[in-house]
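As you go down the protein sequences, you meet chains R and V in turn. 13 is the number that this note's numbering gives to position 13 of the first sequence; each next residue is one higher, with no gaps. 117 is the number that this note's numbering gives to position 117 of the second sequence; each next residue is one higher, with no gaps. Quick reminder that beta carbons are idealized off the backbone N, C-alpha and C, glycines included. Quick caveat, the model's predicted, so the values are computed rather than measured. Just below is one structure, and these are the notes that go with it.
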Amino acid sequence: MFESLSEKLSGILDSLTRRGALSEDDVNAALREVRRALLEADVALEVVRSFTDKVRSRAVGAEVIRSVTPGQMVVKIVHDELVAMLGAEGETLDLEAVPPVPVLMVGLQGSGKTTTTAKIARRLSERNKRKVLLASLDTRRPAAMEQLAVLGEQVGVATLPIVPGQSAVQIARRAMEAARFGGYDVVMLDTAGRVTIDEELMEEVAQVKAATNPHEVLLVADALTGQDAVNTARAFDSKVGVTGIVLTRMDGDGRGGAALSMRGVTGKPIKLVGTGEKIDALEEFHPQRVANRILGM
Amino acid sequence: FVRRKLDAAALEDLEDILIQADLGVDTTDRIIKAVSAGRYDKEISADEVKQVLAREVETTLTPVAQPLIIDASHKPFVILMIGVNGAGKTTTIGKLAQKFRAEGRSVMLAAGDTFRAAAIEQLKVWGERTGATVVARPQGSDAAGLAFDALKEAKERGVDVLMIDTAGRLQNKAGLMAELEKIVRVVKKFDAGAPHAALLVLDATTGQNAVNQVEIFARTAGVTGLVMTKLDGTARGGILVSIAAKSGLPVHFIGVGESVDDLEPFSARDFARAIAGLPEEH
Ligand SMILES: Nc1nc2c(ncn2[C@@H]2O[C@H](COP(=O)(O)OP(=O)(O)OP(=O)(O)O)[C@@H](O)[C@H]2O)c(=O)[nH]1
Ligand SMILES: Nc1nc2c(ncn2[C@@H]2O[C@H](COP(=O)(O)OP(=O)(O)OP(=O)(O)O)[C@@H](O)[C@H]2O)c(=O)[nH]1
Ligand SMILES: [K+]
Ligand SMILES: [Mg+2]
Ligand SMILES: [Mg+2]
Chain R
1 MFESLSEKLS
11 GILDSLTRRG
21 ALSEDDVNAA
31 LREVRRALLE
41 ADVALEVVRS
51 FTDKVRSRAV
61 GAEVIRSVTP
71 GQMVVKIVHD
81 ELVAMLGAEG
91 ETLDLEAVPP
101 VPVLMVGLQG
111 SGKTTTTAKI
121 ARRLSERNKR
131 KVLLASLDTR
141 RPAAMEQLAV
151 LGEQVGVATL
161 PIVPGQSAVQ
171 IARRAMEAAR
181 FGGYDVVMLD
191 TAGRVTIDEE
201 LMEEVAQVKA
211 ATNPHEVLLV
221 ADALTGQDAV
231 NTARAFDSKV
241 GVTGIVLTRM
251 DGDGRGGAAL
261 SMRGVTGKPI
271 KLVGTGEKID
281 ALEEFHPQRV
291 ANRILGM
Chain V
1 FVRRKLDAAA
11 LEDLEDILIQ
21 ADLGVDTTDR
31 IIKAVSAGRY
41 DKEISADEVK
51 QVLAREVETT
61 LTPVAQPLII
71 DASHKPFVIL
81 MIGVNGAGKT
91 TTIGKLAQKF
101 RAEGRSVMLA
111 AGDTFRAAAI
121 EQLKVWGERT
131 GATVVARPQG
141 SDAAGLAFDA
151 LKEAKERGVD
161 VLMIDTAGRL
171 QNKAGLMAEL
181 EKIVRVVKKF
191 DAGAPHAALL
201 VLDATTGQNA
211 VNQVEIFART
221 AGVTGLVMTK
231 LDGTARGGIL
241 VSIAAKSGLP
251 VHFIGVGESV
261 DDLEPFSARD
271 FARAIAGLPE
281 EH
C-alpha cells in the first residue's frame, strides 16, 4: 500500500520535476491520493482533512519543488507529519501520586478493558513492584467480575471480593477503602462497556470518577475501529476527561487509523498497545511503527 | 423545503456521510456516481437527496437481507458462532437462544470458548436466562473435542438447535484459524452436513478490516451468514455495504443492545436509511 501510494505520488509529481514548479492541480491530485490512503486505513474524515491541510502547506513549499523526486518528498512529508501527529515516544502511565493511586478503565463494549486491566496490573506488579488491587465495577455483563477474578489469579494480583447487589459507585468506594486499609499502591477500576449515547451509563462512569478521583483515566479502544473512533474518543473525553488511550488488537492486520483519529481529536497520548489475548501482550506505543502501518509500509 | 443544486459541493457532502459511516472509498464512489447520474446540477431538496442516497444503499443490501431458516429436519440444527475477539458472539448466542426458545424449540449451547477467562461462566448465565442446556468442559480443554461431545449429547437428547460458541480470534492468526478449521472438521465428521449455519459476527464499530474478516473466516469455516452487533451505538456499520457487494453473504440479524431481546432481523431499508441519516420509519 505504501508502495502504491508512493508510486502514485511519484507518478503524479515526478514527471513535473523538469518543469520546475508544481501547479495547484498537481498538489491537489497528490493530496487526493494521500486522502484515499488514510481513509482506507480508517483514519477519521475530519482528521484526514486537518492532516491534508498540514501536508498541503508543506507540499507547495520549496523542499518539494527543488527535489529531484517530488513524489518521494511528499511521501516523506506525509510520514513525518503522521509521526508528529501521533505524538511523542515514551509517554507512559503516570502513577506519581499519593497511594493508593486509582486508575479508571473506560471504553465501548468488548474493546478489551478487562483484559487490559489485568495486563497493566501484571506489569505494575512484576516490573514496578507495586502492590495492585483489581476491582470490577461491571455489574452488567454476565460473569464480568469472575473474568477479572480469574485474570487476577493468573497474574498473581489481588481482586476486590465480589459483593452482589452493589452499584458501580459503591464498589469503587469499597475498592478505595480496601486499598487504603490494605496498603495498596494502585487500584485498577475496570468498568462495564458502554455506548456513548447511553446517557445513564455515561453518567454512571462520571460518578465513579467523581467518587474516586482517578490519577489516570484510560480509554481502551480497538485498533480495528473505523470512523466511529472520533465519536468515541470525544464522548469519553468530554464526560470523564481521558488521560491516555490504550489501543488493543494491534496484533490484527488492521491499519490502525483509529490511533491517529483518537489522538487527533483529543490530543491525548496513546500510552500502551495490546498485542494479543495473552496476559503479557502489552507494549509501548511507537508512533513511527504506527505511521508505517497506516501507510501500509 | 430548501432546494439546492446537486453540484460538486453537494455531492461532497453526501460523500462525507458515506465515508463517515464506514462504507469505504470505493463503495462510496460507486454510490455517489449512482446518486448523481441524471441528477447532476438539478435542483433537489435535502430530504429528497437523502432518500435517493438511502435507495442506492438499499439496492446493494436488499439481496443479502435474508432470514436465518432453521431446517427442522436436522436434529440438531447446528450453528457455529465465529468472529474476532469481543465482537459479540457469546451475547448473540444468548439472544438467539431466547428467540429459538420462544419459537418452542429446545436449545443446547456448547461452551467452545475454552480459552478466555470466564467465557464458560458467561455462556452458562445465558443458558440460565434462556432455559438452554449448556455443555461445558474445564477451561483449557480442547475446543474441537468439546464440540464433538456436545453434538453427541444433542443428538441423544433430540435437541432442536445446538449453538457452538468459539473463542474470539483475529483472522490473521494462522494457528488460531487452523484450530477453527479443526472444529469444523470434527463437526463434519459427526454430521457431514453440519454446521448447518456458520455465523460470522461483525462489530459495527469495525472499519475496513471487516472485509478481511469476512474473506478469511469464509475461507476457513465456510461462513453461511452474518450478524452485525452494536448498532445501538454511534457507529453505522457501513462496511456491511461493501461486504454485501463483494461477498453476497446473507445478513440475518443485527444486535442493538446487551439485553436478551436486543436482536432484530436485518432490514436493508432500515439499515440504509440509518446510513443516510434519515429517521426510523414506523
Ligand atoms: N487479539 C487480541 N485480543 C484482545 C486484546 N485485548 C483483548 N482481547 C480480547 O478481546 C476480547 C474482549 O476483551 P475484554 O477484556 O473482555 O473486553 P472488555 O472491554 O472488558 O469487554 P466488556 O467488559 O464486555 O465491555 C477478549 O476475547 C480478549 O481476549 C488484544 O490486544 N489482542
Ligand atoms: N451495545 C451493544 N453491546 C453488545 C452487543 N452485542 C454484544 N455486546 C457487548 O459486547 C461485549 C462483548 O460481547 P461478547 O458476547 O462477550 O463477545 P464475544 O465475541 O463472545 O467475545 P470473545 O468471546 O471475548 O471473543 C459484551 O459487553 C456484550 O454485552 C450489541 O448489539 N450492542
Ligand atoms: K470491538
Ligand atoms: Mg470487561
Ligand atoms: Mg465469547
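**Message:** I need the DSSP call for Pro102 of chain R, collapsed to helix, strand or coil.
**Reply:** strand
**Message:** Please classify Asp228 of chain R as buried or exposed, where buried requires at least 16 other C-beta atoms within 10 Å of its C-beta.
**Reply:** By the neighbour-count criterion, in which a residue is buried when 16 or more other Cβ atoms sit within 10 angstroms of its Cβ, Asp228 of chain R is buried.
**Message:** Does Thr220 of chain V come out as helix, strand or coil in the three-state DSSP assignment?
**Reply:** helix
**Item:** Residues sharing a beta bridge with Thr133 of chain V, DSSP
**Value:** Paired residues: V:Met108.
**Message:** Can you pull the chain R neighbours of Gln122 of chain V, defined as C-beta to C-beta under 9 Å?
**Reply:** Chain R residues near Gln122 of chain V: Arg141, Pro142, Ala143, Ala144, Glu146 and Gln147.
**Asked** Does any residue of chain V bring its CB to less than 7 Å from the CB of Leu219 of chain R?
**Response** Interface flag for Leu219 of chain R against chain V is unset, since no Cβ pair is found closer than 7 Å.
**Message:** To the nearest angstrom, how far is the alpha carbon of Val205 of chain R from that of Arg101 of chain V?
**Reply:** Their backbone Cα atoms lie some 35 Å apart in a straight line.
**Prompt:** Looking at the structure shown, is Ile17 of chain V part of a helix, part of a strand, or coil, going by DSSP?
**Reply:** Assignment of Ile17 of chain V by DSSP, reduced to helix, strand and coil, places it in the helix class.
**Prompt:** Who are the neighbours of Leu170 of chain V on chain A, taking C-beta pairs under 7 Å?
**Reply:** No chain A is present in this structure, whose protein chains are R and V.
**Prompt:** Would you report the Cα separation of Met145 of chain R and Thr91 of chain V, rounded to the nearest angstrom?
**Reply:** 16 Å
**Asked** Based on the DSSP secondary-structure assignment, which residues constitute the bridge partners of Glu264 of chain V?
**Response** V:Ile254
**Message:** Report the CB separation of Gly226 of chain R from Gln208 of chain V in whole angstroms; it is logged as a contact under 8 Å.
**Reply:** 7 Å
**Prompt:** Nearest to Arg32 of chain R by alpha carbon, out of R:Met85, R:Asp280, R:Ala44 and R:Val48?
**Reply:** Nearest to Arg32 of chain R by alpha-carbon distance, out of R:Met85, R:Asp280, R:Ala44 and R:Val48, is R:Val48.
**Prompt:** Excluding the five sequence neighbours on either side, which residues of its own chain have a C-beta within less than 7 Å of the C-beta of Lys230 of chain V, listed in chain order?
**Reply:** Around Lys230 of chain V: Gly88, Asp203, Ala204, Thr205 and Gly255.
**Near ligand 2: Asn85 of chain V beta-carbon under 6 Å from a heavy atom** = yes
**Message:** Run through chain R and tell me which residues come within less than 7 Å of Asp232 of chain V, C-beta to C-beta.
**Reply:** Val195
**Message:** I'd like the ranges of any beta strand (DSSP E) spanning at least 3 consecutive residues and lying wholly in the segment 179 to 212 of chain V.
**Reply:** 197 to 203
**Message:** Bridge partners for Thr229 of chain V per DSSP, in chain order?
**Reply:** V:Asp203
**Item:** Residue-chain proximity (Asp42 of chain R, chain V), Cβ-Cβ < 7 Å
**Value:** yes
**Item:** Burial state of Val157 of chain R, where buried means 16 or more other Cβ atoms lie within 10 Å
**Value:** buried
**Request:** Could you tell me which chain V residues have their CB closer than 7 Å to the CB of Gly264 of chain R, listed as they occur along the chain?
**Result:** Per Cβ cutoff of 7 Å: no residues; Gly264 of chain R is ~14 Å from chain V at best.
**Message:** Please report whether the beta-carbon of Ala272 of chain V lies at a distance below 7 Å from any beta-carbon of chain R.
**Reply:** Any Cβ of chain R closer than 7 Å to the Cβ of Ala272 of chain V would place that residue at the interface, and such an atom is absent.
**Message:** So, for Pro250 of chain V: in the same chain, excluding its five sequence neighbours on each side, which residues have a beta-carbon less than 6 Å away from its beta-carbon?
**Reply:** Val64, Gln66 and Gly225
**Asked** Apart from the five residues just before and just after Leu362 of chain V, which ones in its own chain have a Cβ nearer than 6 Å to its Cβ?
**Response** For residue 362 of chain V there is no data in the structure shown, the boundaries of chain V being 1 and 282.
**Request:** Identify the contact partners of Asp16 of chain V in chain R, using a Cβ-Cβ distance below 7 Å as the criterion.
**Result:** Chain-order list of chain R residues neighbouring Asp16 of chain V: Leu45, by C-beta distance under 7 Å.
**Item:** Delimiting residues of the alpha helix (DSSP H) encompassing Ala150 of chain V
**Value:** Ala143 to Arg157
**Request:** Measure the C-alpha to C-alpha separation of Arg234 of chain R and Lys54 of chain R and round it to an integer number of angstroms.
**Result:** 22 Å
**Straight-line Cα distance separating Pro287 of chain R from Gly252 of chain R** = 17 Å
**Message:** With a threshold of 7 Å between beta-carbons, can Ala8 of chain V be considered close to chain R, or not?
**Reply:** no
**Prompt:** With a cut-off of 7 Å, does the C-beta of Asn231 of chain R fall near any C-beta of chain V?
**Reply:** yes
**Message:** In the DSSP assignment, the beta strand (DSSP E) including Thr248 of chain R goes from what residue to what residue?
**Reply:** Gly244 to Thr248
**Asked** Whose Cβ in chain V lies nearer than 8 Å to the Cβ of Ser151 of chain R?
**Response** Before going on, a small fix: residue 151 of chain R reads as Leu here, not Ser. Result: Ala117.
**Asked** Near ligand 4, which residues have their beta-carbon closer than 7 Å to a heavy atom?
**Response** R:Lys113, R:Thr114, R:Asp138, R:Arg141, R:Ala144, R:Gln147, R:Asp190, R:Ala192 and R:Gly193
**Asked** Given a threshold of 16 other Cβ atoms within 10 Å of its Cβ, counted over all protein chains shown, does Ser57 of chain R qualify as buried or as exposed?
**Response** exposed
**Prompt:** For Asp138 of chain R and chain V, any beta-carbon pair shorter than 7 Å?
**Reply:** no
**Prompt:** If you measure from the beta carbon of Ile19 of chain V to each beta carbon in chain R, is any gap under 7 Å?
**Reply:** For Ile19 of chain V, the nearest beta carbon of chain R is closer than 7 Å to its own beta carbon.
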